[in-house]
Amino acid sequence: MNTVIAFLTRAIVQAIPLLFGSTGEILTEKSGHLNLGIPGIMYVGGISGVIGSFLYEQSVGPENIQYLPAVLIPLCCCLLGSLCMGLIYSFLTVTLRANQNVTGLALTTFGTGFGNFFGGSLIKISGNDVPSITLTATSNMFCKKLPFAASLGPVGRLFFSYSFLAYAAVVIALVTSWILTGTRIGLNLRAVGENPATADAAGINVSRYKYAATCIGSMIAGLGGLFYVMDYAAGVWSNNAFGDRGWLAVALVIFSIWRPNVAILGSFLFGGLFIVHNYIPNLGVATQELIKMTPYVVTIIVLIFTSVRKRREDQPPASLGLSYFREER
Amino acid sequence: MNKSVREPLFHLVKRDGLVWWKSWIVRLVAVVLSLLVSGILIFALTGENPINVYITMFKAGFATRRRFWALLQNVAMLLCVALAVTPAFKMRFWNIGAEGQALVGGLATAFCMVYFGDKLPSGLLLLVIFLSSMLAGALWAVIPAIFKATYGTNETLFTLMMNYVAAQIVSYFTYVHSNPKGSGQMGVINKATQAGWLPKIEGNNYLLNILIVLVITVFVYVYLSKTKHGYEISVVGQSENTARYIGIDVSKVIIRTLLISGALCGICGFLLVSGTDHTLTRDTIAGRGFTAIIVSWMAKFNPIYMVVVSFLICFLQKGAVDIASTYGFNDALAEIITGIIIFFIIGSEFFIGYKIRLTHHTKGGKN
């Protein structure tokens, strides 16, 4: 029982960055933009938060930090950093109509470079004399758990033992889901992603929707990077530790067939698949690597399955990847 | 009508096509601007005169013979993948799985080196390795192509996922064959016998790699612009309906093109494992599969321009790595600078494709 609970809680912690990433990407893709820069954006989100809290911790000393600024400063830096990435992407693809795949990949190159550069050189640039970026104090603030969680036993551990960002991820996914399917804004956004010319004719400001969806999506995705550093990695930044999670988030978008509420369960599943090798006894290191392949294989199967079945509500947004120029209608 | 019509200050007009030298001036301006921005960034970080920094950068690529050859080798590898993805891109098949296709090519190479290294004579061994790496790359590319051709499965996402399947299989392979055992690193394969290594020419490690890539460059150029296949590819890329109308079997073209594209990626894996590193890790391709897409697109799918663009990117990356180590910064500075330059070049394409016209306000409000 204890092992099961431990497995589930760890799977959920693994899942949260993916959930942030894929919720953001779904929102972006619904506007017809395939943002392959998501891995880079999550990197930038993470490192921006780290920069913010590093500077704050260094300026007041790790023992004197206070809850509100310790949480708000990284949070704002993270949102700002990922917003900038979203703006670069949407300026290039919406206003300048650049190729989305190329822009996205360039954004990922830039973003991972940005993360690794500041991860490796922040100490030197800021002129501080510390051996490594270890933000344990800030991380503790982020990981403050609900006070009654401990008293509830296994139930408490399973449902109430996470930091506030984890709950935020689920709430954001649910809200996004509701906005997409239950509101006029969502309807307009989906119209833009399906057929921008028609949406334009109906009086929807296509560029504004595309910008908003991409930028908000990027900010949501950036939070995934922040959660990863502050919660999962306990405030220790190490270069490239974030790994393939960004691409896994893109995979999750397909797996959840463009539905944020499905993505919640999907992310838990992916998180489980990510760590399940630790819980299978007598497993060789080599076989572990094969098990880590399953999320991608499952995604491919879902992708094939949806395209073979051709159910209209399961398809990617029709204009995904195409830029829109009004005079080309 | 009393309601005033709000008119935008300017509007966009699609250009019919810019004279080639004008479009190159636009691109050149973009490169210069991006260097300026990177210069400001470097200045902000190091406080060093950017001109000196660019001189350091230049030296990184050209100062010694060895460095120059290393640069050429890098250019050749990037160029090889860029050439490989081009036929598919020209067809508007967004194959972003070059990383994986090249990696399985490398895997096939390492596999043959490990299993047949002491069983086959060296000439035959190299031939077997070469063919199997092409086969592996082609297989990796053709799976998404078949599904795209039959069911319309989204190829961008499919090929992207295939990258990571390939990476995990390679991880598995390197753990199984790790040296020393359990380290997860393969070490140099066939270190003593050098079986399956591409031979040196005149004592130069990389010359053969570079020559092979040159041959591929010529092949892709001829294939795309002088053959019937190349013609079919560009028709399918322009309009699938037109292609069907004039009797081109679109599915066949997609599958055939991806077989070639994948096989060329496989060759890159072969060159990296057998001709360069003599080992295999999941990072052997080192992101070239993604950079190559950008190269191919920036070069407008023209193999000759691709040589120039690959050279530019490799030169800048090498230079930035050198700056980083000179001033004690992290290597990743190279990626930041590459990113900035690519953003500018991507952005500049807009000014080649579109004209911005100020809206002329005529009396009476209507235009």
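Protein chains in written order, with the working numbering: chain A, 513 to 841; chain B, -11 to 355.
The C-beta atom is built at its ideal place from N, Cα and C for all residues, glycine as well.
Sequence-distant partners of residue 104(B) (beyond 5 residues in either direction) whose C-beta falls short of 7 angstroms from its own C-beta, in its chain, are 113, 116. Taking the beta carbon of residue 646(A) as reference, no residue of chain B falls within 9 angstroms; the closest one sits roughly 17 angstroms away. Interface annotation, residue 144(B): in contact with chain A, CB-CB separation under 8 angstroms. Boundaries for residue 293(B): no beta strand (DSSP E) harbours it, while the alpha helix (DSSP H) harbouring it runs 291 to 314, taken from the DSSP string. If you compare the alpha carbons of 562(A), 603(A), 580(A) with that of residue 632(A), the shortest gap goes to 562(A).
Annotation for residue 19(B): the continuous alpha helix (DSSP H) segment containing it runs 8 to 34. Boundaries cannot be given for residue 788(A), as no beta strand (DSSP E) includes it and DSSP labels it neither H nor E. For secondary structure counted as the alpha helix (DSSP H) over 4 or more consecutive residues, the segment 712 to 757 of chain A holds these complete runs in sequence order: 718 to 739. Pairing residue 797(A) with residue 163(B), the inter-Cα distance amounts to about 7 angstroms.
In the displayed model, residue 192(B) falls within a strand according to three-state DSSP. With respect to residue 311(B), residue 65(B) sits apart: the two C-beta atoms are not nearer than 8 angstroms. Against chain B, the CB of residue 561(A) has no partner CB under 8 angstroms away; the residue lies outside that interface. Two segments are said to touch when three or more pairs of C-beta atoms, one from each, lie closer than 8 angstroms; by this definition the segment 721 to 731 of chain A does not touch the segment 513 to 533 of chain A. Straight-line measurement puts the Cα of residue 740(A) at about 35 angstroms from the Cα of residue 77(B).
Within the segment 799 to 830 of chain A, the residues whose Cβ lies closer than 7 angstroms to some Cβ of chain B are 801, 802, 804, 805, 808, 809, 811, 812, 815, 816, 819, 820, 828, listed in chain order. When the Cα atoms are used, residue 98(B) and residue 255(B) turn out to be separated by approximately 13 angstroms. Under the 8 angstroms Cβ criterion, the segment 150 to 165 of chain B counts as touching the segment 259 to 270 of chain B, having at least three qualifying pairs. Judged by beta-carbon spacing, residue 140(B) lies beyond the 8 angstroms limit of residue 625(A), meaning their Cβ atoms are not closer than that value.
In the structure shown, residue 577(A) adopts coil according to DSSP, grouped into three states. Restricting attention to 41(B), 9(B), 10(B), 11(B), the CA atom closest to the CA of residue 23(B) is found in 41(B). In the three-state DSSP reduction, residue 342(B) falls in the strand class (E or B). Cβ contact annotation for residue 342(B) (same chain, cutoff 7 angstroms, sequence separation greater than five): 0, 1, 2, 3, in chain order. CA-to-CA, the gap between residue 177(B) and residue 273(B) works out to about 17 angstroms.
Under the 10 Å beta carbon count, residue 513(A) is surrounded by fewer than 16 other beta carbons and is classified as exposed. Here the alpha carbon of residue 547(A) sits roughly 48 angstroms from the alpha carbon of residue 107(B).
Using a Cβ-Cβ cut-off of 8 angstroms, residue 626(A) counts as an interface residue toward chain B, since at least one Cβ of chain B sits closer than that to its own. Within the same chain, and ignoring the five residues on either side of residue 154(B) in sequence, the residues whose Cβ sits closer than 6 angstroms to its Cβ are 88, 91, 92.
Comparing C-alpha distances from residue 183(B) to each of 205(B), 100(B), 346(B) shows the shortest one belongs to 100(B). Counting of Cβ neighbours within 10 angstroms places residue 767(A) among the buried residues, the total reaching 16 or more. Going by beta carbons, residue 86(B) and residue 63(B) fall outside the 8 angstroms limit. Taking all protein chains in view, the Cβ of residue 690(A) is surrounded by fewer than 16 other Cβ atoms within 10 Å, so the residue is classified as exposed. Within 9 angstroms of the CB of residue 337(B), the CB atoms of chain A belong to 608, 609, 610, 611, in sequence order along the chain.
Residue nearest to residue 781(A) within the set 655(A), 808(A), 714(A), 703(A) is 808(A) (criterion: CA-CA distance). The three-state secondary structure of residue 288(B), taken from DSSP, is coil.
Cβ atoms of residue 51(B) and residue 253(B) stay farther apart than 8 angstroms, at about 32 angstroms. Within the segment 634 to 658 of chain A, 636, 637 place their CB atoms closer than 8 angstroms to a CB of chain B, listed in sequence order.
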